[in-house]
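S.K.: Before I ask anything, here is the structure I am working with.
Numbering (our numbering), first residue to last: 353 to 527.
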């Protein structure tokens, strides 16, 4: 048989007799794609790109989880507290932020999503924070939330990068 007479199946999955014929015709690697160097080239590139991306993402997450990007405080009323996740349950919440006008009146300034650090890397008591936030939500009380923000957070640690450190109830605002 001539080289061009072999079918695609015979080149990729030859039986013993076909394999011997293929070798005689000059196919060096029977059952592999040595006759399609373009596919092999792009396959290597795709594999290399995927591995490089996986290494870069892992490095970013590993380093970013331990670098503090920002810290601060926000004031508002908690309007949602929940435990989210299919595999890892993280404690999440939303705070209705407040702003002030030039006349001193309070106005709504937006909603802020936050998480309670499941790993408690800074010594906070996760269950106590969660119960304080839930109680403030049930009472409709204004709170000041102190948070830290790392560059990244593992999915089992928190859904957001705003990690609550403490919660302080505030007095009712004067009108």
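Glycine included, C-beta positions come from ideal geometry on N, C-alpha and C.
Please read all numbers here as calculations on a predicted model, not as lab measurements.
Please state whether the Cβ-Cβ distance between residue 494 and residue 427 is less than 8 Å.
M.R.: Cβ atoms of residue 494 and residue 427: closer than 8 Å.
S.K.: Could you name the residues of the same chain whose beta carbon sits closer than 7 Å to that of residue 511, not counting the 5 residues immediately before and after it, in chain order?
M.R.: Same-chain partners within the cutoff: 436, 442, 444 and 467.
S.K.: Which two residues bound the contiguous beta strand (DSSP E) that contains residue 555?
M.R.: In the structure as shown, the chain starts at 353 and stops at 527, and residue 555 therefore has no counterpart that could be examined.
S.K.: Just the Cα atoms here: how many angstroms apart are residue 416 and residue 373?
M.R.: Rounded to whole angstroms, residue 416 to residue 373 spans 57 Å at the Cα level.
S.K.: Would you kindly check if the distance between the Cβ of residue 502 and the Cβ of residue 421 is under 8 Å?
M.R.: In contact: residue 421 and residue 502 (Cβ atoms closer than 8 Å).
S.K.: On a Cα-Cα basis, can you pick out the residue from 408, 409, 430 and 424 that is closest to residue 488?
M.R.: When only C-alpha atoms are compared, the closest one is 430.
S.K.: Output the boundary residues of the alpha helix (DSSP H) element that contains residue 509.
M.R.: No alpha helix (DSSP H) contains residue 509, which DSSP labels as neither H nor E.
S.K.: Does the beta-carbon distance from residue 496 to residue 446 come in below 8 Å?
M.R.: The answer is no: Cβ separation not under 8 Å.
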